[in-house]
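Visitor: Numbering (the working numbering), first residue to last: 614 to 1055.
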Ligand SMILES: [Zn+2]
């Protein structure tokens, strides 16, 4: 304590000032603390002033643009989703009609953005000048929001708005202690990413037999950023695994696939079909489908296969079960994460044979097909997403054993050299070398 008495008045002032600064920083770091402590009671929904963020959105294509109600005199209730919250509870708390929620769930059937309702997600309920519920806004992450807007007939239209994002990279580094799996998890990779590492290098290295304690690996992880905020999306950019004198590599190229140093693909292949037999396609993928009666956009984000109830459904790639749902319109369904770039989705199932978080292999039976949810007859609705966007599973460029096209070889090699340098010289987890050289990554 005697040391404190020796402080000059100047010291005391500067101490007090820095204390105030630290306090201010702490307060500024938790701008949403009131929302976080909010309990599910109607009086605590927090009114917002004007809807001022509309102008910030970019990338709204003409087809995505739908009429949004005039918010000039509207009332908006915002709410951060807490664990245990349900949409029914939130609608009841906000005195919004449950009939509207049903119509919103119907509009969301082709997207499932409300399912599951992830804690921490920011919701906004808009009421028009006549105090009638008119829109639900869901901030999925700092770059993406979904708006369900009421139409004249009482139905709701889905609209997704996305800001431009960029990717910054960090290097995760580790030494093999025990299994590659445990070692890679320790270094900060997700389970789905570890599986992807296993797939990308597994053709060249037998992880069980060949790896020794002390072997080293480096992985460049890309983080998607909206301005200075992370969206939470990550992907593997490059891997190096050194075993004795030999190092094995995989590099992600702009097409989302992975290649070795010679430009030969090492991306794990996917099955084209999620069933053993090839069933008739009863409804094709159509991103631009217009509803024949309403004339509104009604995309079909997958392919419908005419499977009788009870047909074995197979995972089309190695991955981790990300979500199991039971939706009033989509029925029982499964989402699988195949390492970040690729995800698959299987709808209207009769029986689900896997648990959330389980690892599955390509070709593994995960469910029996059915007719659950809003379904006009027994079928399997199957979706394939690349970088978060649905593509036609029947025609998409699914990873197959190919090489970098001639025309791209020079570009691939430049990127490869950059990544090699980063993996060799970056020394710690926090070493965001690549973030300072954005030209290295797309
Ligand atoms: Zn379908």
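Glycine included, each C-beta is placed from N, C-alpha and C at the ideal position.
No experiment lies behind these values; they were computed from the predicted model shown.
Can you name the residues that DSSP bridges to residue 899?
Guide: Answer is 913.
Visitor: Does the structure place the segment 825 to 841 close enough to the segment 784 to 804 that three or more beta carbon pairs sit under 8 Å?
Guide: Touching, yes.
Visitor: Provide the residue span of the alpha helix (DSSP H) that contains residue 794, from first to last.
Guide: Looking at the DSSP string, the run of the alpha helix (DSSP H) that includes residue 794 is 793 to 800.
Visitor: From the DSSP output, in three-state form, read off residue 1011 for me.
Guide: Of the three classes helix, strand and coil, the one that applies to residue 1011 here is coil, per DSSP.
Visitor: How do the segment 810 to 822 and the segment 771 to 787 stand: do at least 3 beta-carbon pairs fall below 8 Å, yes or no?
Guide: In short, these stretches do not touch, since the Cβ pair count stays below three.
Visitor: Can you list, in chain order, the residues of its chain whose CB lies under 8 Å from that of residue 893, leaving out five sequence neighbours each side?
Guide: For residue 893, where only same-chain residues beyond five positions count, the Cβ hits under 8 Å are 918 and 919.
Visitor: I think residue 996 touches residue 958, with their Cβ atoms under 8 Å apart; what is that distance to the nearest whole Å?
Guide: That pair is a contact at about 4 Å.
Visitor: Our contact map puts residue 953 next to residue 805 with C-beta atoms below 8 Å; I'd like the distance itself, whole angstroms only.
Guide: Residue 953 to residue 805, Cβ: 7 Å. Contact.
Visitor: Nearest-angstrom Cα distance between residue 1000 and residue 971?
Guide: When rounded, the distance between both Cα atoms is 22 Å.
Visitor: Straight-line CA distance for residue 975 to residue 726?
Guide: Taking the straight line joining both Cα atoms gives about 26 Å.
Visitor: Determine whether the beta carbon atoms of residue 833 and residue 1035 lie at a separation below 8 Å.
Guide: It is a contact, given that the beta carbons lie within the stated cut-off.
Visitor: Is the segment 832 to 846 touching the segment 744 to 755 in the sense that three or more CB pairs, one from each, lie closer than 8 Å?
Guide: A contact exists between the segment 744 to 755 and the segment 832 to 846.
Visitor: Applying the 10 Å Cβ sphere with the 16-neighbour rule, what's the burial state of residue 865?
Guide: When all chains shown are included, residue 865 counts as buried.
Visitor: How long is the line joining the alpha carbons of residue 724 and residue 1038, rounded to whole angstroms?
Guide: Rounded to whole angstroms, residue 724 to residue 1038 spans 42 Å at the Cα level.
Visitor: Between which two residues does the beta strand (DSSP E) carrying residue 963 extend?
Guide: Its beta strand (DSSP E) spans residues 955 to 965.
Visitor: Give me the Cβ distance between residue 914 and residue 1003, rounded to the nearest whole Å; I'm assuming they're in contact under 8 Å.
Guide: Confirmed, Cβ separation roughly 4 Å.
Visitor: Sorry if obvious, but does the Cβ on residue 904 come closer than 7 Å to a heavy atom of ligand 2?
Guide: Ligands displayed in this structure: ligand 1; ligand 2 is not among them.
Visitor: If you count every other CB in all the chains shown that lies within 10 Å of the CB of residue 1022, and 16 or more means buried, which is it?
Guide: So residue 1022 counts as exposed.
Visitor: Residue 965 and residue 1011 look like a contact to me (Cβ under 8 Å); what is the Cβ gap, rounded to whole Å?
Guide: In fact, because the Cβ distance is near 24 Å, the residues do not count as touching under 8 Å.
Visitor: For residue 938, report the span of its beta strand (DSSP E) as first-last.
Guide: Run containing residue 938: 932 to 940, per the beta strand (DSSP E) assignment.
Visitor: By Cβ distance, which residues of its chain are closer than 6 Å to residue 1006, with the 5 residues on each side in sequence left out?
Guide: Hits under 6 Å: 916, 995 and 997.
Visitor: Kindly examine ligand 1 and report whether one of its heavy atoms sits closer than 7 Å to the Cβ of residue 777.
Guide: Checking the Cβ of residue 777 against ligand 1 gives no.
Visitor: Could you check how far apart the C-beta atoms of residue 924 and residue 981 are, in whole angstroms? I think they sit under 8 Å.
Guide: Confirmed, Cβ separation roughly 7 Å.
Visitor: Quick check: what's the CA-CA separation for residue 860 versus residue 801?
Guide: Answer to the nearest angstrom: the Cα atoms are 21 Å apart.
Visitor: Which one or two residues does DSSP pair with residue 982 in a beta bridge?
Guide: Answer is 962, bridged to residue 982.
Visitor: Do residue 944 and residue 962 have their C-beta atoms within less than 8 Å of each other?
Guide: Yes, Cβ-Cβ distance for residue 944 and residue 962 is below 8 Å.
Visitor: Can you give me the start and stop residues for the beta strand (DSSP E) that residue 704 sits inside?
Guide: Counting along the chain, residue 704 falls outside any beta strand (DSSP E), though it belongs to the alpha helix (DSSP H) covering 700 to 707.
Visitor: Please write down, chain order preserved, every residue whose beta carbon lies under 6 Å from a heavy atom of ligand 1.
Guide: With the cut-off at 6 Å, the residues found are 896, 913, 915, 917 and 994.
Visitor: Taking residue 1057 as the reference, give the member of 987, 797 and 977 with the closest Cα.
Guide: Only positions 614 to 1055 of the chain appear in this structure, which leaves residue 1057 out of reach.
Visitor: If we call anything under 8 Å between Cβ atoms a contact, is residue 1032 one with residue 863?
Guide: No, Cβ-Cβ distance for residue 1032 and residue 863 is not below 8 Å.
Visitor: To the nearest angstrom, how far is the alpha carbon of residue 1018 from that of residue 775?
Guide: So the alpha carbons of these two residues sit roughly 31 Å apart.
Visitor: Might you give, ordered along the chain, the residues of its own chain that have their beta carbon closer than 7 Å to the beta carbon of residue 733, omitting 5 neighbours on each side?
Guide: Excluding positions up to five away in sequence, the list reads 693 and 694.
Visitor: Smallest Cα separation from residue 874: which of 951, 707 and 1030?
Guide: Residue 1030 is the option with its Cα nearest to residue 874.
Visitor: Alpha carbon to alpha carbon, how far is residue 871 from residue 746?
Guide: So the two alpha carbons sit approximately 47 Å from each other.
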